[in-house]
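Colleague: Take 176 as the starting number for the sequence shown in this note's numbering and just add one per residue.
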Amino acid sequence: MIEEVGKVIAVERDEIIVETEIKTTCGSCEAQQNCGTGTIAKALAPRRETLRFSTELPVQVGSKVRLGIPETALLKASIWLYVIPLLGLIVGGALFSWVLPIFGLVHEGWVIASTILAALAAFVWVSATVKQRELQQYQPRLLGVILDSSEPVKVSIANPR
176 MIEEVGKVIA VERDEIIVET EIKTTCGSCE AQQNCGTGTI AKALAPRRET LRFSTELPVQ
236 VGSKVRLGIP ETALLKASIW LYVIPLLGLI VGGALFSWVL PIFGLVHEGW VIASTILAAL
296 AAFVWVSATV KQRELQQYQP RLLGVILDSS EPVKVSIANP R
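Pasting the structure below:
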């Protein structure tokens, strides 16, 4: 389970709205001072994402919660979004380089344009399929509330001796 910490920004009956900060990996990279990508990442303001969860947990505005998504769901989403359009590009390129000369379109510009359209069509198809299904497995889950450890803990001794 891949976990992230979010902050509750609103409570509405049995639903809460949680805000998380989208982080880049540049913060943990050792080459960030010599890297153009790290410089750009520092210049851009951190983006935030808001998510809505239904819960009966006792939370209030400002509480921190743990969110998670299974690794298998992340792997499936990566395959859908990266591998299938890439296969559309490869298969489209092979198919169009074989079929288009039959129709007298022998210039490679036709093959390149057709291949790009095939990859774009694969991406649009994947996007529509995932949106249509609205699979629950791709949505983050509320795992629990993080208790604030800065509050003093009252300790009572049962048998003082």
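Yeah, the Cβ is synthetic: ideal placement off N, Cα and C, and Gly gets one too.
Tell me the DSSP secondary structure of S229 in three-state form.
Modeller: DSSP places S229 in strand when its eight states are reduced to three.
Colleague: Can you tell me where the beta strand (DSSP E) with V180 in it begins and where it stops?
Modeller: I177 to E187
Colleague: Would you call I197 buried or exposed, if buried means 16 or more other Cβ atoms sit within 10 Å of its Cβ?
Modeller: Note on I197: under 16 other CB atoms within 10 angstroms of its CB, so exposed under the neighbour-count rule.
Colleague: Just the Cα atoms here: how many angstroms apart are K251 and I259?
Modeller: 11 Å
Colleague: Residues in its own chain within less than 7 Å of I177 by CB, not counting five upstream and five downstream?
Modeller: G243, I244, E246 and L249
Colleague: Leaving out five residues before and five after I321 in sequence, what residues of the same chain have Cβ atoms less than 7 Å from its Cβ?
Modeller: V180, K239, V240 and R241
Colleague: So P315 and L226 are in contact, right, with Cβ under 8 Å, and what is the actual spacing, rounded?
Modeller: 6 Å
Colleague: Could you pull the DSSP bridge partners for G268 from this structure?
Modeller: In DSSP, G268 forms no bridge with anything.
Colleague: Quick one: which unbroken alpha helix (DSSP H) runs of 4-plus residues sit fully inside the segment 246-320? Chain order, please.
Modeller: 246-253, 259-274 and 283-308
Colleague: Under 7 Å between the Cβ atoms of T230 and L317?
Modeller: Yes. Within cutoff.
Colleague: What number of angstroms, rounded off, separates the C-alpha of I349 from the C-alpha of R222?
Modeller: Absent from the structure is residue 349, since the part of the chain shown begins at 176 and ends at 336.
Colleague: Less than 7 Å between the beta carbons of V186 and V236, yes or no?
Modeller: yes
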